[in-house]
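Asks: Here it is, the structure in full.
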Amino acid sequence: MSPVESAGQPAAPLAARPLEVVANCWLVGHRNAESLLQCNTYLRVFDDGGPPLRVCVDPGSRLDFPQVSANLRALVGDLAEIQAFSLNHQDPDVVGNSEHLCTANPRVRMLVTEDVWRLVRHLGIQPGGVEFANPGRSRWFTVDNRKRWQLVPTPFCHFRGAMAFYDPELRVLFSGDLFGGVNQLGRVHLFAEPGDWAGVAQFHQIYMPSREVLQYAVRQIRALDPPVEVIAPQHGHVISGALVEQFLDQLYQLPVGRDLLVAELDETYLQGYQQAVIELLEWAEQTMEPAEIRQRLADSTVEDGLEQLLHWDGPDARLRGGGYSALLMVFLRLTGGEPLEFVNAARAHVLSICSLHGLPIPPIGTGVE
Ligand SMILES: [Fe+2]
Ligand SMILES: [Fe+2]
Numbered sequence: 216m217s218p219v220e221s222a223g224q225p226a227a228p229l230a231a232r233p234l235e236v237v238a239n240c241w242l243v244g245h246r247n248a249e250s251l252l253q254c255n256t257y258l259r260v261f262d263d264g265g266p267p268l269r270v271c272v273d274p275g276s277r278l279d280f281p282q283v284s285a286n287l288r289a290l291v292g293d294l295a296e297i298q299a300f301s302l303n304h305q306d307p308d309v310v311g312n313s314e315h316l317c318t319a320n321p322r323v324r325m326l327v328t329e330d331v332w333r334l335v336r337h338l339g340i341q342p343g344g345v346e347f348a349n350p351g352r353s354r355w356f357t358v359d360n361r362k363r364w365q366l367v368p369t370p371f372c373h374f375r376g377a378m379a380f381y382d383p384e385l386r387v388l389f390s391g392d393l394f395g396g397v398n399q400l401g402r403v404h405l406f407a408e409p410g411d412w413a414g415v416a417q418f419h420q421i422y423m424p425s426r427e428v429l430q431y432a433v434r435q436i437r438a439l440d441p442p443v444e445v446i447a448p449q450h451g452h453v454i455s456g457a458l459v460e461q462f463l464d465q466l467y468q469l470p471v472g473r474d475l476l477v478a479e480l481d482e483t484y485l486q487g488y489q490q491a492v493i494e495l496l497e498w499a500e501q502t503m504e505p506a507e508i509r510q511r512l513a514d515s516t517v518e519d520g521l522e523q524l525l526h527w528d529g530p531d532a533r534l535r536g537g538g539y540s541a542l543l544m545v546f547l548r549l550t551g552g553e554p555l556e557f558v559n560a561a562r563a564h565v566l567s568i569c570s571l572h573g574l575p576i577p578p579i580g581t582g583v584e
């Protein structure tokens, strides 16, 4: 059997399971059905007649190394065959396995911005060479006199020196955390579906600093020629087909980070949050007694201030104000002390409600694994 299996098939632990994104490009990260955050590592093989050039994109978390290593070895035989790797930025979920690549091949080249290298060098790693991705000098990552990738700066998404790489031959953009997403437990399919937008929105609302920087990045991506067909982020699902344009549009509109600190948010979306609270309570009633729900929401020993935002109109909960904050408080009160499965199901439900009504997603967390 081919070591390359489809995303839908179960795999034995540590069975090699690279997933083909397009020809000559695989996702080799650990698809972990028990995790809410997938760390995506990719392998791009340039195979144009001569000796193939193998480049690893964002080698990934040390926690995932056994699986990443198995996947890479299934494709290239030995990690020593990887001649270069790129780093979007210096977070541990991106750079953790760099040391393994440097050890396996002392001549391996690393592609990073100066701003990333200044921090990454503190890992103590010794690549065979460091190539600075600096569009001021060249807009291309060039190997053997061939322009392989176009440099696409995505400043503050989420690091000042973050750099995406565009492969014009495959029309794949390796975008780092930009377009990354959290996933629901068990949903680790390769290609994004429309419903996966909620996880992308939540990830950006947690990790990206402002809509302004997202809009700058989206404009850079839209200017690429030929147009991007596939976005391969460092988390979540690979985005392709009509969803590329759709997610670019949606990201352009999304309030994140600093935008969500604005106090008026609570009032601007009050009606939407009122509806969201109703829907969350309806959902909770499927598994929780109405009396228990009411007791939790009325519990005066919890000092979160919910009593000032929510009152009861007969059997109905009504918001007076503070919609964004109130939805978060209702979520926390409903899920307090409940099993993780219930908390995650509630979280997924809040995500989909907010996505459906176009509401900024409160910081309901992604859980601790
Ligand atoms: Fe990051
Ligand atoms: Fe990341």
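Position 221 of the sequence shown, counting from 1, maps to 436 under the numbering used here, and the rest follow consecutively.
Just so it is clear, CB atoms sit at the ideal spot from N, CA and C, and this is done for glycine as well.
1) Comparing the CB of residue 420 with every heavy atom of ligand 2, is any distance shorter than 7 Å?
2) What is the rounded straight-line gap between the Cα of residue 285 and the Cα of residue 460?
3) Taking the DSSP output, what are the residues bridged to residue 550?
4) Return yes when the Cβ of residue 407 is within less than 8 Å of the Cβ of residue 566, no when it is not.
5) Can you give me the start and stop residues for the beta strand (DSSP E) that residue 406 sits inside?
6) Find out if the Cβ-Cβ distance for the pair residue 495, residue 545 is shorter than 8 Å.
7) Can you name, in chain order, every residue of its own chain whose Cβ lies under 6 Å from the Cβ of residue 344, other than the five neighbours on each side?
8) Grouping DSSP H, G and I as helix and E and B as strand, with all else coil, what is residue 353?
9) Does the distance between the C-beta of residue 596 and the nearest non-hydrogen atom of ligand 2 fall short of 7 Å?
10) If I'm right that residue 457 touches residue 570 with Cβ under 8 Å, what's the distance once you round it to whole angstroms?
11) Report the CB separation of residue 437 from residue 469 in whole angstroms; it is logged as a contact under 8 Å.
12) Below 6 Å CB to CB, which residues in the same chain sit around residue 550 once its five sequence neighbours on both sides are set aside?
13) Should residue 312 go down as buried or exposed, given a rule of 16 or more other Cβ atoms within 10 Å for buried?
14) Which of the three DSSP states is assigned to residue 575 in this structure?
15) Where in the stretch 262-346 do unbroken runs of the beta strand (DSSP E), each at least 3 residues long, occur, reported from the N-terminal end onward?
16) Check whether the Cβ atoms of residue 316 and residue 348 lie closer than 8 Å to each other.
17) How many angstroms separate the CA atom of residue 435 from the CA atom of residue 400?
18) Is residue 395 near ligand 2, with its Cβ less than 7 Å from a heavy atom?
19) Go ahead and pull the three-state DSSP assignment for residue 438.
20) Does residue 576 pass the burial test, meaning 16 or more other C-beta atoms within 10 Å, or should it be called exposed?
21) Comparing C-alpha positions only, which one of 556, 520, 342, 528 sits nearest to residue 541?
22) Run the Cβ filter for me: residues under 5 Å from any heavy atom of ligand 1, listed in the order they occur in the chain.
23) At a cut-off of 7 Å, is residue 335 close to ligand 2 when judged by its beta-carbon and the heavy atoms of the ligand?
24) Kindly examine ligand 2 and report whether one of its heavy atoms sits closer than 7 Å to the Cβ of residue 309.
25) Can you find the residues in the same chain that come closer than 6 Å, C-beta to C-beta, to residue 431, ignoring five residues on each side of it along the sequence?
26) Assuming residue 485 and residue 543 form a contact by the criterion Cβ under 8 Å, report the distance between their Cβ atoms to the nearest whole angstrom.
27) Answer yes if the stretch 359-372 comes into contact with the stretch 335-343, meaning at least three C-beta pairs across the two stretches below 8 Å, and no otherwise.
28) Which whole-angstrom value is the C-beta distance of residue 487 and residue 448, which I expect to be below 8 Å?
29) Going by DSSP, what residue range makes up the beta strand (DSSP E) through residue 448?
30) Measure the alpha-carbon distance for residue 305 versus residue 246 and round it to whole angstroms.
31) Out of 303, 517, 573, point me to the one whose CA is closest to residue 547's CA.
32) Tell me which residue opens and which closes the alpha helix (DSSP H) that residue 492 is part of.
33) Helix, strand or coil: which one does DSSP assign to residue 374?
Replies: For this structure:
1) no
2) 34 Å
3) None, per the DSSP bridge assignment.
4) no
5) Segment: none, residue 406 is in no beta strand (DSSP E) and carries neither H nor E.
6) yes
7) 324
8) coil
9) The shown model of the chain, from 216 to 584, leaves out residue 596, and the question about it has no answer.
10) That pair is no contact at about 17 Å.
11) With 8 Å as the limit, residue 437 and residue 469 do not qualify as a contact, their Cβ atoms being about 16 Å apart.
12) 558, 561
13) buried
14) coil
15) 268-272, 299-301, 324-327
16) no
17) 33 Å
18) yes
19) coil
20) buried
21) 520
22) 306, 392
23) no
24) yes
25) none
26) Actually they are not in contact, since the Cβ atoms of residue 485 and residue 543 sit about 14 Å apart, beyond 8 Å.
27) no
28) Actually they are not in contact, since the Cβ atoms of residue 487 and residue 448 sit about 28 Å apart, beyond 8 Å.
29) 445-448
30) 22 Å
31) 517
32) 485-499
33) coil
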